[in-house]
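Here's the structure, in structure tokens; my notes come after.
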Ligand SMILES: [Fe+2]
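Numbering (the working numbering), first residue to last: 430 to 621.
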């Protein structure tokens, strides 16, 4: 039988992943690293007084890119690695839906905002526009209505806006360690 992991050990494993692989570039072409991108998104969430689960989701929303080395730069190579599902599935082993769901929905949220919020598309970075096409383009009216009915849909929309903001080269934000107590408080399962 696998010994149960403590919340501290689970968070340590995640911190280790970011320490090991966090230097890879965000979206295979933008100038910030994955680690800087996650930290900036989490700082935006904290500034907006988001609930702890949503701060954690903002920090870890692109963990799928770190877990899947092949997913790195996928959009540049012209395919969609569905990093949101890989990341959310991984996080759901340890955290509740308040963390995993916004992560799973953060790509759909971009498609939603491009369809439902005037001016949103114009604010996307070139890499984000490129991946949008691979992800299915803006949502249809029926898809927007279905998204509105999802339990953590609104959280995913908030996360998406922070995601787009979190690309500033050299911005000073709190380190990963700042979020360890918050992450540990949210661990709901040992993932075994
Ligand atoms: Fe992101």
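Even for Gly, the Cβ is constructed at its ideal location relative to N, Cα and C.
Exposure label - residue i; buried when at least 16 CB within 10 Å
i, result
"residue 597", "exposed"
"residue 589", "buried"
"residue 600", "exposed"
"residue 533", "buried"
"residue 581", "buried"
"residue 551", "exposed"
"residue 606", "exposed"
"residue 514", "exposed"
"residue 466", "buried"
"residue 569", "exposed"
"residue 512", "buried"
Residue i versus residue j - alpha carbon distance
i, j, result
"residue 491", "residue 463", "8 Å"
"residue 448", "residue 543", "33 Å"
"residue 579", "residue 611", "25 Å"
"residue 566", "residue 536", "10 Å"
"residue 594", "residue 493", "19 Å"
"residue 435", "residue 446", "17 Å"
"residue 574", "residue 545", "10 Å"
"residue 540", "residue 442", "32 Å"
"residue 585", "residue 433", "31 Å"
"residue 471", "residue 555", "22 Å"
"residue 520", "residue 577", "23 Å"
"residue 474", "residue 591", "7 Å"
"residue 489", "residue 549", "23 Å"
"residue 437", "residue 571", "43 Å"
Residues bridged to residue i (per DSSP)
i, result
"residue 454", "462"
"residue 616", "524"
CB contact below 7 Å: residue i versus chain E
i, result
"residue 547", "The structure shown contains no chain E, having only a single protein chain."
Decide yes or no for the touch test of the stretch 517-537 against the stretch 476-486: beta carbon pairs closer than 8 Å, at least 3 of them.
Three or more pairs of CB atoms, one per stretch, sit closer than 8 Å, so the stretch 517-537 contacts the stretch 476-486.
Enumerate, from N- to C-terminal direction, the unbroken alpha helix (DSSP H) stretches of 4 or more residues contained entirely within the stretch 564-620.
With a minimum length of 4 residues, the continuous alpha helix (DSSP H) runs that stay inside the stretch 564-620 are 570-577, 582-594 and 609-615.
Relative to ligand 2, what is the chain-ordered list of residues with a Cβ closer than 6 Å to any of its non-hydrogen atoms?
Absence of ligand 2 is noted for the structure shown, with ligand 1 being the only ligands found.
Enumerated in chain order, which unbroken segments of the alpha helix (DSSP H) with a length of 4 residues or greater are wholly contained in the stretch 466-498?
Runs found: 481-489 and 492-496.
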